Amino acid sequence: MKIKVGIVGGAGYTAGELVRILLHHEYAELGAIVSSSNAGNPVYQVHDDLVGETDLVFASELAGDEDVVFLCLGHGNSKAWLEKHELPETTHIIDLSNDFRLEADAEFEGREFVYGLPELNKSRIQQAQSIANPGCFATAIQLALLPLAQAGKLTDDVHVSAITGSTGAGQSLSETVHFSWRTNNVSIYKPFTHQHLGEIGESLAQLQPQLDSAMHFIPYRGNFSRGIFASVYTPSDLTQEEARELYQKFYDDAPFTTVSDKEIHLKQVVNTNKCLLHVQKFGKQLLITSVIDNLVKGASGQAIQNMNLLFGLPETTGLHLKSVLF
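Residues 1 to 326 (full-length UniProt numbering) make up the sequence shown, in order.
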């Protein structure tokens, strides 16, 4: 049986990645790809990496018989869209915005949105009706810290420095994604106040309930198109060997998260659903580096991983993607 898939907000980067991956997913059948500004136009006219891959056209509305609907709308717009469009109770929703990620927002019009980080909530995702897909920075940072939280080892302030590609800002044009501004340039934004801090804090507290460590997060805009490289460090009484063993055990059954013995770099994960982690000890500081593709593991690939879990499929289905190093 095929899973009937609908996508709302079909013209953006995350929707384009969903289409690219789902076209080759053996159990998925792409139905309506909704875009109010492109209805009737071929999908490949917007996502031109799909020329020759599909003849699908954008729709003005869903068909109504979808098994799962991905919401690829801007932050704040998913809730507004659901207020205007009633979906059958049997239709699963996977939302890629930040509208339902926090516990305070998880209940909406009779639906409960489960936070969709498989390495944290796999069993809950498998039983869920609707999913709040994690943020991209949040994914990279949480995967760097979850093993420490489970072991009760987050006992001091956590410092995070992370850089993201321009696709993290979405497809809409702005000064900071303009080529002449972004190329050969690096800048910070939302220091100490980034919106992903809330979901990160709730996930860590889920594993370490008495957590009171502060997190100091400096996000950077990078002069590349996709990927996230995060450096996370905190004082720890673990040795480097103990920390690596802790991480390897925690992610032993996580097919997309790997603890590397070698230092890692961004090209290893671009275009894949992987997260690579590397653990080092410098004096009292434990340094964890984490790399993901912000559009795949940080968004659309993780959303498909969640879809697989919802429908009882191996979570790797359709996600055997390889990076390109050169």
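Glycine included, C-beta positions come from ideal geometry on N, C-alpha and C. Values in this document were obtained by computation on a predicted structure and should not be read as measured data.
- In the DSSP assignment, Phe217 falls within the beta strand (DSSP E) that extends over Met215 to Arg221.
- For the beta strand (DSSP E) assignment, the segment 178-213 encloses no uninterrupted run of at least 3 residues.
- Selection Phe224, Glu86, Leu325 and Thr234 evaluated against Thr183 yields Phe224 as nearest (Cα-Cα).
- Here the alpha carbon of Cys275 sits roughly 24 Å from the alpha carbon of Glu26.
- Asn294 is positioned such that its CB atom lies no closer than 8 Å to that of Pro118.
- Pairing Gly74 with Leu266, the inter-Cα distance amounts to about 26 Å.
- Ser130 sits close to Phe113, with the two beta carbons spaced by under 8 Å.
- When the beta-carbon positions are compared, Ala303 and Asn121 stay at least 8 Å from each other.
- Take Asn41, set aside five residues on each side of it, and the residues of its chain with a beta-carbon closer than 6 Å to its own are Phe58, in chain order.
- A residue is called buried when at least 16 other Cβ atoms come within 10 angstroms of its Cβ; Tyr233 meets this threshold and is buried.
- The shortest CA-to-CA distance from Leu18 to any of Lys322, Ser323 and Gly318 is the one to Gly318.
- The criterion of a C-beta distance shorter than 8 Å is not satisfied by Leu62 and Val43.
- Annotated three-state conformation of Thr90 is coil, per DSSP.
- With contacts defined as CB atoms closer than 8 Å, Val296 and Asn271 qualify as a contacting pair.
- DSSP places Tyr247 in the helix class (H, G or I) of the three-state scheme.
- In this structure His320 is exposed. Its beta-carbon is surrounded by fewer than 16 other beta-carbon atoms within 10 angstroms.
- Of the residues assessed, Ser203 falls on the buried side of the cut-off, its CB having 16 or more other CB atoms within 10 angstroms.
- Distance between Ile218 and Ser166, taken at the CA atoms: about 16 Å.
- Contact check between the segment 189-209 and the segment 140-150: three or more CB pairs, one atom from each, fall below 8 Å, which counts as touching.
- For Lys281, the pairing in a beta bridge is given by DSSP as Leu286.
- The C-alpha of Gly298 lies about 30 Å from the C-alpha of Lys284.
- Distances from the alpha-carbon of Ile141 to those of Gly301, Gly52 and Ile288 put Ile288 closest.
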